[in-house]
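Enquirer:
2 protein chains.
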Amino acid sequence: MSTIETMSHLSALQSSTDLLSTSTIIALTIFFSLLCACIIVGHLLEENRWANESITALLLGLGAGAVVLFVSKGNSSRILVFSEDLFFLYLLPPIIFNAGFQVKKKQFFKNFTIILMFGIFGTVISFCLISLGAFFLFKRIGVTSLNTQDYLAVGAILSATDTVCTLQVLNQDDTPFLYSVIFGEGVVNDATSIVLFNAVQSIDINNINALISLKLLGTFLYLFFSSTFLGIAAGLLSAFIIKTLYFGRHSTDREVALMMIMAYLSYMLAELLNLSGILTVFFCGIVMSHYTWHNVTESSRTTTKYAFATMSFIAETFIFLYVGMDALDIDKWKASRASAGTFVAVSSTLFALVLVGRAAFVYPLANFITCIKKRDSSNIEFRQQFIMWWAGLMRGAVTIALSYNQFSNSENKDTEDSALMITSTMIVVLFSTVVFGSITKPLIEAVLLRHTKPNVSDATDIPSLEDLRIMFIENGEPSDTGENQPAAAACRRSGLRLLLTHPTWTVHHLWRKFDDRFMRPVFGGRGFVPFVPGSPTGAADETSRT
Amino acid sequence: MSTIETMSHLSALQSSTDLLSTSTIIALTIFFSLLCACIIVGHLLEENRWANESITALLLGLGAGAVVLFVSKGNSSRILVFSEDLFFLYLLPPIIFNAGFQVKKKQFFKNFTIILMFGIFGTVISFCLISLGAFFLFKRIGVTSLNTQDYLAVGAILSATDTVCTLQVLNQDDTPFLYSVIFGEGVVNDATSIVLFNAVQSIDINNINALISLKLLGTFLYLFFSSTFLGIAAGLLSAFIIKTLYFGRHSTDREVALMMIMAYLSYMLAELLNLSGILTVFFCGIVMSHYTWHNVTESSRTTTKYAFATMSFIAETFIFLYVGMDALDIDKWKASRASAGTFVAVSSTLFALVLVGRAAFVYPLANFITCIKKRDSSNIEFRQQFIMWWAGLMRGAVTIALSYNQFSNSENKDTEDSALMITSTMIVVLFSTVVFGSITKPLIEAVLLRHTKPNVSDATDIPSLEDLRIMFIENGEPSDTGENQPAAAACRRSGLRLLLTHPTWTVHHLWRKFDDRFMRPVFGGRGFVPFVPGSPTGAADETSRT
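What follows is the structure in structure tokens.
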């Protein structure tokens with residue numbers, strides 16, 4: 001028996017990972033190392049005005065892509081291939097669910113009309129403008145092989161905003177109005193642009209008439225309401241199950257697992273029923289935070305609050321890292337065969353269209369809202385309009401996923417121009433996130449905070465002190481204790497007058513009455529839980545939240 | 001424009017999930033619905049003596065498989081295909097990490113010798129016996145096409161115990177000794193059997209001599225120690241990073257994300273370096289709970305404790321469901337072409353070998369330990385030995401994964417006997433989990449609790465009151481406050497005598513001194529955190545844990 005033979009045995013034994021494919025492990029190790037690096041670097045740059053987590057992840061991803069490109073001698077920059085399935089099945093749901101779970105519900109519903117106007121009409125306006133602009137301008141640049149459907153798809157693709165960057169900078173407590181509007185618009189916008197995109201992909205371009213357009217609108221409304229309904233139903237079901245069976249009696253793990261799985265299930269079910277999973281899981285999050293969250297034990301509450309936020313945080317970082325690494329994919333660049341000039345021309349055209357498309361609805365709609373709501377003193381100042389415009393300029397992972405779907409899967413198309421469109425979209429995403437994203441924080445400071453007059457820069461339609469009080473107890477609306485009696489009594493005395501002068505507040509009050517009388521006894525929620533272990537949580541939660 | 005055309009447009013629009021493949025969505029929806037059902041049914045059966053979560057999941061999986069088989073008219077029972085990658089990359093790491101994170105460290109290290117003896121020597125003995133038994137018995141049944149390597153693999157495959165079932169029944173507080181030994185053995189056993197399996201797969205059977213056996217032992221020790229070292233290093237690194245940069249200043253999400261990702265990274269890194277990822281991630285969990293956990297904020301602590309447990313819980317349920325659904329895979333049963341008699345013969349032979357193989361090391365080793373440790377009064381009673389034997393009879397997902405690896409990937413083998421081996425392994429797993437698993441709870445009650453004498457049925461080598469006190473403060477060892485001074489002084493006075501009479505206690509004391517003087521100032525840990533927000537956590541945690 002020679003030594004060499006023994007050595008070969010040993011080395012074979014040492015490769016104790018025959019069970020797993022080595023390339024997968026290498027890719028995962030590199031990727032998770034980068035994720036770690038992102039978190040640490042992002043933390044160190046926290047105080048930096050120009051950087052944030054998204055930009056860090058994107059740049060780290062670009063850097064890693066460059067290293068891989070260098071190591072593989074220009075053959076490949078990819079460790080992981082951008083997969084729409086991974087994005088839509090596993091990364092997007094936790095982000096949107098957490099958004100619904102953590103949103104300040106009162107602010108969100110107070111501005112619901114504005115959010116819907118921006119999210120739906122705004123996106124449609126932007127879609128039309130970008131499609132038209134691309135249709136007329138691209139031919140002059142030399143991009144000729146795209147058909148009408150492609151142009152419409154470009155409009156839908158570039159209407160999908162990515163507000164993650166902005167929300168990392170805006171503060172929910174300093175500027176509640178702006179935060180809730182931009183955030184809410186982002187969610188509705190995602191849903192709208194994905195619905196638009198699917199409509200564009202499935203429609204016969206040559207046979208469009210008024211009836212079909214109307215039917216499309218009907219379908220959109222159907223999607224919107226049934227998705228919302230499904231999300232609410234899933235949330236209520238989870239609240240009912242946990243309240244009735246009272247899981248906390250046995251196990252925190254089970255409660256947390258059930259909330260997590262039911263939320264994910266609502267998304268999957270919506271996708272299965274061809275609804276908008278994003279809207280469903282968003283409303284599921286809202287309902288869960290309103291009812292289910294109050295039915296579980298103290299430790300489950302803390303765990304869900306932070307675990308959902310962590311999952312969302314990891315998914316966001318993952319996406320930006322992923323996009324950064326994918327950007328340098330050399331095959332795509334080669335496939336387009338375009339000159340640097342064409343890249344710049346197409347990208348800057350697209351970006352200009354994004355700028356114009358957003359300006360074309362933000363300013364008119366904001367002024368329109370100011371006009372019709374004059375009696376509520378809820379005028380949106382120009383500098384707020386500017387921030388609203390700016391906040392929606394970034395494009396992100398949804399844009400890239402849709403762009404891949406449109407331009408990489410179709411075999412019957414001119415591959416050169418398709419590759420050009422993918423790379424140009426990529427440039428728009430990178431440029432808007434890195435450049436615009438890094439200017440956002442200083443810009444918001446300059447525009448908003450320097451001119452700030454306390455409680456004036458934010459539109460409020462009820463007296464600010466009352467607003468503040470309700471916001472403090474908003475996490476779970478208070479039960480009918482003594483301190484609310486004066487307000488309730490005042491309302492009863494002059495219900496009609498209030499409805500005229502403070503419509504939102506009155507709707508909120510009516511909802512609270514309905515909620516207290518019919519919903520909470522069945523589904524739980526603050527003040528209606530079977531048993532609350534530990535101390536009162538509301539105050540403690542508010543302090544720990546700051 | 002006809003109505004039909006309009007309808008087709010609308011239906012096309014409604015299929016807004018062109019982005020995702022429908023089959024994936026259906027599979028995921030069904031699977032997550034079943035997961036939900038498992039949790040709810042498992043909760044409802046909590047008080048039931050015969051059922052537990054694993055059995056529920058397994059039976060639900062079997063039921064779902066049967067339904068799919070019926071719906072597809074006998075063509076397929078599969079929704080998801082059992083994938084080793086999924087198992088080893090995503091499901092196993094959270095389970096093992098959580099095991100390390102939640103283990104009572106003091107008990108674990110007190111019984112470290114016993115755990116290592118059972119986990120390493122025990123597994124090897126079991127491996128030899130099962131291999132030999134299969135070699136001699138299978139030919140009589142009519143299974144002839146297996147070669148020596150296959151028989152050795154069968155030994156390794158069936159030596160991998162699955163103690164999840166037992167641990168769901170045993171109580172860490174009632175029977176700390178049994179719990180820590182069975183649990184610790186389970187972890188070491190997993191590692192040992194996987195290492196053995198890899199050794200068997202890579203070795204040249206015809207050239208075995210004493211030198212190679214010795215080298216194999218050396219390699220095993222190398223794997224064991226380097227894996228452990230890597231896990232400890234990863235844990236310490238995470239503690240150091242979080243302590244130095246103090247993430248809590250900014251964000252709970254970041255701390256939790258970093259702990260999660262670094263733990264996962266340690267597993268991946270170990271697999272990349274061809275070490276045992278299971279051991280690495282287990283020790284990473286132990287170190288993280290000793291140092292890192294104390295460096296994060298109060299809310300991060302609650303979140304990590306329950307989020308890790310929830311992830312492990314979901315992964316476990318997932319695995320059992322998965323195995324249940326996979327069991328009825330019709331192709332495998334058809335491929336083996338064996339008669340029902342052969343199935344029964346092979347399976348019962350394997351199961352008998354498992355019973356004998358385990359008995360062959362539990363009783364001798366336990367009595368051996370009782371002999372050499374007589375002075376510590378740590379004799380292991382016969383009924384404890386019986387429970388130790390019983391607890392390791394269940395076979396689980398590791399067995400199935402290894403069996404697939406051995407018998408389904410190899411192309412140059414007789415497929416009939418390979419399929420027979422896979423299905424027989426499956427029968428052993430199902431039978432042992434469902435039948436033995438459901439008897440476990442009543443059995444343990446009958447054997448242990450009826451005969452229980454308080455604090456006697458459990459072997460303790462230090463006075464029980466002192467033990468109790470240390471166990472209460474074990475979660476983070478106490479800093480040098482006044483109450484520990486008498487014990488410390490007593491120890492200093494009679495260090496040598498104590499080392500002789502209470503070796504474990506003395507080692508623990510020395511470790512504590514080293515920990516307090518060198519480790520904690522660098523890596524944090526209880527009493528050495530830069531800033532503790534909120535109230536003292538130890539007591540609160542102990543109460544919330546019950």
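Top line first, the protein sequences correspond to chains A and B.
Position 177 of the first sequence, counting from 1, maps to 177 under the UniProt record's numbering, and the rest follow consecutively.
Position 146 of the second sequence, counting from 1, maps to 146 under the UniProt record's numbering, and the rest follow consecutively.
Note that the Cβ used here is the ideal one computed from N, Cα and C, for glycine as well.
(1) So what's R395 of chain B in DSSP terms, helix, strand or just coil?
(2) Can you pull the chain B residues whose beta carbon is under 8 Å from the beta carbon of I39 of chain A, in chain order?
(3) Leaving aside the five residues before and after L258 of chain A along the sequence, list all residues of the same chain whose C-beta is less than 8 Å from its C-beta, in chain order.
(4) Does DSSP put T342 of chain A in a helix, a strand or coil?
(5) So, L402 of chain B versus F436 of chain B, is the Cβ gap smaller than 8 Å?
(6) So, helix, strand or coil for T163 of chain A, using DSSP?
(7) Could you check if R520 of chain A is buried or exposed, using at least 16 other CB atoms within 10 Å of its CB as the buried criterion?
(8) My output table needs one value for N111 of chain A: the three-state DSSP class, helix, strand or coil.
(9) Residues in the same chain with beta-carbon distance under 7 Å from A51 of chain A, minus the five sequence neighbours each way, listed in chain order, please.
(10) Looking only at its own chain, which residues have a Cβ that is under 7 Å from the Cβ of A391 of chain B, when we skip the five neighbours before and after it?
(11) Nearest by alpha-carbon distance to L386 of chain B: which of B:P364, B:K305, B:A397 and B:T399 is it?
(12) Consider the Cβ of Y264 of chain A: report whether some Cβ of chain B lies at a distance smaller than 8 Å.
(13) Cβ of L269 of chain A within 8 Å of Cβ of T24 of chain B?
(14) So, for S300 of chain A: in the same chain, excluding its five sequence neighbours on each side, which residues have a beta-carbon less than 7 Å away from its beta-carbon?
(15) Helix, strand or coil for E477 of chain B per DSSP?
(16) Residues of chain B with CB under 7 Å from I25 of chain A, in chain order?
(17) Considering only residues of the segment 277-320 of chain A, which uninterrupted alpha helix (DSSP H) runs meet the minimum length of 4 residues and lie entirely inside it, listed in chain order?
(18) Kindly indicate which three-state DSSP category N379 of chain A falls into: helix, strand or coil?
(19) From the beta carbon of F101 of chain B, is the nearest beta carbon of chain A less than 8 Å away?
(20) Against chain A, which members of the segment 278-293 of chain B pass a CB distance test of less than 9 Å?
(21) Of the residues A:V187, A:I55, A:F118 and A:Y90, which one's Cα is nearest the Cα of N367 of chain A?
(22) Closer than 8 Å by C-beta to L60 of chain A: which residues in its own chain qualify, once you throw out the five before and the five after it? Chain order, please.
(23) Under a CB-based cut-off of 8 Å, is L35 of chain A close to chain B?
(24) Quick check: the Cα distance between Y264 of chain A and G524 of chain B, rounded to an integer number of angstroms?
(25) Should K106 of chain B go down as buried or exposed, given a rule of 16 or more other Cβ atoms within 10 Å for buried?
(26) Rounded to whole angstroms, what's the CA-CA distance from P94 of chain A to A27 of chain B? Just pull it up for me.
(27) Under three-state DSSP, which class holds L146 of chain A?
(28) Looking at chain A, which residues of the segment 302-314 of chain B have a Cβ within less than 7 Å of any of its Cβ atoms?
(29) Check whether the segment 323-339 of chain B touches the segment 145-163 of chain B, counting contact only when three or more Cβ pairs, one atom from each stretch, lie closer than 8 Å.
(30) Between which two residues does the alpha helix (DSSP H) containing K243 of chain A stretch?
(31) For L230 of chain A, decide whether its Cβ has a neighbour in chain B, counting only Cβ atoms nearer than 8 Å.
(32) Classify W293 of chain A: buried if its beta carbon has 16 or more other beta carbons within 10 angstroms, exposed otherwise.
(33) Just the C-alpha distance for Y222 of chain B and Y267 of chain B, rounded to the nearest angstrom, thanks.
(34) Does any C-beta atom of chain B lie closer than 8 Å to the C-beta of L245 of chain A?
(35) Restricting to Cα atoms, I'd like to know which of A:S227, A:L443, A:A307 and A:V287 is closest to R49 of chain A.
(36) Between the C-alpha atoms of D190 of chain B and I422 of chain A, what's the straight-line distance to the nearest angstrom?
Expert: Per the coordinate set shown:
(1) strand
(2) R254, A257, L258 and I261
(3) S238, I241, I242 and F247
(4) helix
(5) no
(6) coil
(7) buried
(8) coil
(9) L45 and S438
(10) T163, T166 and I182
(11) Reading off the sequence, residue 386 of chain B comes out as Phe, not Leu. F386 of chain B has its Cα closest to that of B:P364, out of B:P364, B:K305, B:A397 and B:T399.
(12) yes
(13) no
(14) G248, T252, E255 and V256
(15) For E477 of chain B, the pLDDT reaches just 40, beneath the cut-off of 50, and the residue's location in the model is therefore unreliable, although a value from the coordinates is still provided. Note: E477 of chain B maps to coil in three-state DSSP.
(16) M268, E271 and L272
(17) 277-287
(18) coil
(19) no
(20) none
(21) A:F118
(22) L34, A37, C38, V41, L321 and G324
(23) yes
(24) 37 Å
(25) buried
(26) 19 Å
(27) coil
(28) T302, T303, Y306, A307, A309, T310, F313 and I314
(29) no
(30) A210 to L245
(31) no
(32) buried
(33) 17 Å
(34) yes
(35) A:L443
(36) 47 Å
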